[in-house]
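Chemist: What follows is a single structure, and I will ask about it in a moment.
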Amino acid sequence: MKIKNIFINLWKAHLCFTMLIFITFPELKAQDLSFNQPPEWSRQAIWYQIFIERFRDGNPENNPTRNTCKNALTDSIPDNWTVTPCNYDWYTMENWAKETGPDFY
0 MKIKNIFINL WKAHLCFTML IFITFPELKA QDLSFNQPPE WSRQAIWYQI FIERFRDGNP
60 ENNPTRNTCK NALTDSIPDN WTVTPCNYDW YTMENWAKET GPDFY
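Read in order, the letters of the sequence shown correspond to residues 0 to 104 in numbering that gives the first Met the number 0.
Here you go:
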């Protein structure tokens with residue numbers, strides 16, 4: 000519960016900082032920022048576009064389990080939680096996620 004409170008406080012601080020930026024610079028809009036040329040470093044960069052739904056589960060033994068997720072998630076893990084299959088329709092919510100309610104994320 001203590002970790003959850005830390006995340007909530009960090010999120011509140013982030014929101015306050017964001018609001019401060021918008022109040023301080025109300026006239027700044029994305030359209031006002033000129034973008035004629037990409038940054039010089041981007042010409043030498045290697046870019047990756049990752050399509051997560053195209054991955055194959057090459058080793059199911061290293062998939063997360065309920066026990067390994069306990070430290071990563073601040074909320075309780077639903078009883079019917081499972082690893083999302085690699086070929087799952089990523090645009091549909093899984094049954095276990097539906098049961099957690101609309102504020103799952």
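The beta-carbon is built from N, C-alpha and C at its ideal position, and this holds for glycine as well.
#1: CB Trp89 to CB Arg65, shorter than 8 Å?
#2: Is it right to say Cys15 is buried, meaning 16 or more other beta carbons lie within 10 angstroms of its own, or is it exposed?
#3: Exposed or buried, what is Glu98 when buried is set at 16 or more other beta-carbons lying within 10 Å of its beta-carbon?
#4: With H, G and I counted as helix, E and B as strand and the rest as coil, what does DSSP make of Arg55?
#5: Here's the rule: buried if 16 or more other CB atoms are within 10 angstroms of the residue's CB, otherwise exposed. What is Glu39?
#6: Taking Ser75 as the reference, give the member of Asn35, Ser41 and Trp95 with the closest Cα.
#7: Please state whether DSSP places Pro84 in a helix, a strand or coil.
#8: Grouping DSSP H, G and I as helix and E and B as strand, with all else coil, what is Ser41?
Modeler: The structure says:
#1: No, Cβ-Cβ distance for Trp89 and Arg65 is not below 8 Å.
#2: Only weak support is given to the placement of Cys15: the predicted model assigns it a pLDDT of 49, under 50, and the question is left unresolved by the model.
#3: With a 10 Å radius around the Cβ and a threshold of 16 neighbouring Cβ atoms, Glu98 comes out exposed.
#4: Coil.
#5: It is exposed - the Cβ of Glu39 has fewer than 16 other Cβ atoms within 10 Å.
#6: Comparing Cα positions, the closest option is Trp95.
#7: Three-state DSSP puts Pro84 in coil, outside helix and strand.
#8: Annotated three-state conformation of Ser41 is helix, per DSSP.
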